[in-house]
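The structure under discussion appears below in the form of structure tokens.
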Amino acid sequence: MNGQETHTMRWMREVTTLATLPALRSQTLGPKAALILRDEALSFEALERRANQAAHALRREGLHPGERVAVLGRESLDSLVLLFGVAKARAVYVGLNWRLAPEELAYILEDSGARLLFVDEESAALVPRVFEKMRGPLPVVRVGAPLSAPGDFARWCEGAASTPLATSYDPEEVVVQLYTSGTTGRPKGVLLPHRSFLAIAHALEAHGERWIGWTEASVSMLFVPTFHIGGLWWLVRGLAMGSTQVVLRSFEPATILSSLARYRVTHTCMVPAMMQILLGEPGLHQADLSSLKAVVYGGAPISSALLEKGRRLLGCDFAQIYGMTETGNCAVCLRPEDHQNAPASRLRAAGRPFPGVRVRVLDEQGQEVPPGTIGQICLNSPARMAGYWRQPEETRKTLVGEWVMTGDAGYVDAEGFVYICDRVKDMIISAGENIYPAEIENVIRSHPGVADVAVIGVPDELWGEAVKALVVKQPGATLRAGDILRHTRGALAEFKVPKSVEFTEGLPRNAAGKLLKGVLREPYWKGRERRVN
């Protein structure tokens, strides 16, 4: 291990909270670019200074420790500064998915009890429609102006001290609340303490593992949204390492390729659907990818054909991570060395646990099963959530002691590799987005012409899975697919709207009236090795 790696690992031990991260890294990396976004750079020392100002401004607004601050919009230097400002104020950052419908956003804002809403220019027009669905509006601050032309956020911070607040921080204190779709149709707020973003890095350091060659000298790129755990974890991990983070506000393949070359990017992450689109970009073969060392993929299963194509065309290492919001993102990893000269069966694995993570596979009675036997995957990770916001019953179901019940069915082989075969819980993953059919079914069922409905995921070469609705009409109803689609678009985010609608005379149910989703999915998944794509 060289001197630079030892230095990086020492600093990783010091960084235990998001609140103290900018100050600790700026001690030795002060003028170095921490963030690059829209061709503007923010140094580590500027990040520390501006985050302190944001923290003081939040306190000036009367915000108390533990209260919620919501952020709606694409990534900006303002919103990323705000993440650390909220942490310094000992408040809780609630990242909102800007793709959600007004009704969905209104529910999250009211459920979280957010005191303030920060919104970018693109999402500002949505805010009045969101507030119409709420008991009352929130104070709003606009974010997203360039550093060269300070806007509302800079003015909001004016006069606030740039020195740290006089307070202490606990790695166990909740700092982020992200919402996941709910099995009953309502999203759940996942409570993530500081350790959720840093515990795996500490475990890797303690284990002496130089994961994907990520160091202070690295330049990492992020185009996965930070309202998802994957994007937020990647951002924090890179800054904690002391590497420069190039942040893109959206997934645009041509921009990604030009930025890879311009900033000499060494590491990036993406979901398989993004990889497929990027590999089909016309300019790929002319792009300078010589700096790229590793691509991390996850969020959905990947086909062996796509993985092989990526390795061939990008010419770098690949690593897969498996986890979920409740586990603090990654818990299992198929490392670069696991990809090399591996049999095809090995490339279907999710990987082996990160240091500090334990895996168990349980049967329906909650008993551990032997290697090679399929059951529910359960993870014990030092990065696990603290629970669900105001949902103790759901917390007890998912967090059993220190174990997270993933809802994924799979097995562990004799060498400790984890394989995912199916889902115990009813969920669809499309382009990396977790979608619960119950939420869509509730909306479709509210249409007066619908007697019954089932929503399933069917294989899709680009998105992994596509949402399909099977609808039973009310007697005499003259419904068409377009009627169902229009009805759902008014209440759901576009990515949840079915890609196809099929009308049927009836839906299979057991004696207790439970819908037999397996029977409905069988014709579409027959002949495939696993029932997730």
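Residues -13 to 519 in the numbering used here are what the sequence shown spells out, letter by letter.
Built from N, CA and C at the ideal position, the CB exists for glycine as well.
Beta-carbon proximity list for residue i, same chain, < 8 Å, skipping 5 on both sides
i: Thr149; result: Asn38
i: Ala330; result: Ser290
i: Gly435; result: Lys459, Gln460, Ala463, Thr464, Leu465 and Asp469
i: Arg36; result: Leu28, Val67, Gly71, Cys143 and Ser148
i: Asp446; result: Ser416, Ala452, Lys485 and Asn519
Rounded separation between residue i and residue j - CA only
i: Cys143; j: His42; result: 8 Å
i: Gly352; j: Ala147; result: 54 Å
i: Val1; j: Ser154; result: 14 Å
i: Ala20; j: Met310; result: 26 Å
i: Lys279; j: Val429; result: 45 Å
i: His214; j: Thr166; result: 9 Å
i: Glu294; j: Ala87; result: 37 Å
i: Glu108; j: Tyr93; result: 20 Å
i: Ala77; j: Arg514; result: 46 Å
i: Thr3; j: Ala400; result: 37 Å
i: Ser62; j: Val72; result: 15 Å
i: Val444; j: Leu177; result: 31 Å
i: Arg376; j: Val113; result: 25 Å
i: Leu10; j: Ala189; result: 19 Å
i: Asn420; j: Glu451; result: 10 Å
i: Asp97; j: Val162; result: 15 Å
i: Ala259; j: His433; result: 32 Å
i: Glu118; j: Leu103; result: 15 Å
i: Ile198; j: Cys316; result: 14 Å
i: Arg332; j: Asp303; result: 16 Å
i: Phe183; j: Leu365; result: 16 Å
i: Ile415; j: Pro125; result: 34 Å
i: Val105; j: Arg495; result: 45 Å
i: Lys485; j: Ala203; result: 43 Å
Cβ neighbour criterion (16 or more within 10 Å) applied to residue i
i: Lys512; result: exposed
i: Gly175; result: buried
i: Thr464; result: exposed
i: Lys411; result: exposed
i: Ser206; result: buried
i: Val347; result: buried
i: Ser559; result: Since the first residue of the chain shown is -13 and the last is 519, residue 559 is not available in this structure.
i: Glu388; result: exposed
i: Thr313; result: buried
i: Ala455; result: buried
i: Val505; result: exposed
i: Gln306; result: buried
i: Gln326; result: exposed
i: Leu502; result: exposed
i: Glu53; result: buried
i: Glu128; result: Note that residue 128 is Arg in the sequence shown, not Glu. With 16 or more other Cβ atoms within 10 Å, it is buried.
i: Glu427; result: buried
i: Ala56; result: buried
i: Thr14; result: exposed
Same chain, Cβ closer than 7 Å to residue i, five either side skipped, listed in chain order
i: Asp349; result: Val355 and Gly361
i: Thr6; result: Tyr155
i: Ala477; result: Ala87, Glu89 and Val429
i: Pro157; result: Thr2, Thr3, Pro179, His180 and Arg181
i: Gln262; result: Leu292 and Leu448
Contacts around residue i, its chain only, beta-carbon distance under 6 Å, and the 5 residues preceding and following it disregarded
i: Leu33; result: Pro8 and Ala20
i: Val318; result: Tyr308, Ala336, Gly337, Pro339 and Val404
i: Pro528; result: Here the chain has residues from -13 to 519 only, and residue 528 is not among them.
i: Lys544; result: The structure shown does not extend to residue 544, since the chain spans only -13 to 519, so no value can be given for it.
i: Pro423; result: Asp412 and Val441
i: Ala131; result: Gly137
i: Phe12; result: Correcting the residue identity first, residue 12 is Ser in this sequence and not Phe. For Ser12, where only same-chain residues beyond five positions count, the Cβ hits under 6 Å are Phe30, Glu31 and Glu34.
i: Ile22; result: Val232
i: Leu69; result: Tyr79
i: Arg235; result: Arg60 and Glu61
beta-carbon residue i near the ligand HEM non-hydrogen atom, thresh 7 Å
i: Asp64; result: In the structure on display, the ligand HEM does not appear, and there are no ligands present to speak of.
Reference residue i, options the options, closest by Cα
i: Gly358; options: Glu447, Ala395, Ser277 and Val444; result: Ala395
i: Val251; options: Asp274, Glu267 and Ile263; result: Asp274
i: Ala286; options: Lys18, Leu448 and Cys302; result: Leu448
i: Phe481; options: Leu28, Arg85 and Thr14; result: Arg85
i: Gly99; options: Met120, Ala110 and Asp106; result: Met120
i: Gly194; options: Ile414, Leu208, Pro341 and His50; result: Pro341
i: Arg24; options: Ala135, Leu385, Leu95 and Gly52; result: Ala135
i: Gly492; options: Val439, Asp446, Tyr510 and Ala479; result: Val439
i: Tyr283; options: Ala240, Trp220 and Leu225; result: Trp220
What are the start and end residues of each continuous alpha helix (DSSP H) run of 4 or more residues lying completely inside the segment 424 to 511, in chain order? 467 to 475 and 503 to 511
Identify every run of the beta strand (DSSP E) within the segment 305 to 369, keeping only runs that are complete inside it and at least 3 residues long; order them along the chain. 315 to 320, 344 to 348 and 361 to 366
Counting only runs that start and end within the segment 111 to 176, where is the alpha helix (DSSP H) found for 4 or more residues in a row? 113 to 118 and 138 to 143
Inside the segment 203 to 262 only - alpha helix (DSSP H) runs reaching at least 4 residues: 215 to 227 and 239 to 248
Which whole runs of the alpha helix (DSSP H) in the segment 65 to 103 are 4 residues long or more, in chain order? 88 to 98
Along the chain, which unbroken stretches of the beta strand (DSSP E) at least 3 residues long are found entirely within the segment 13 to 55? 19 to 23 and 26 to 29
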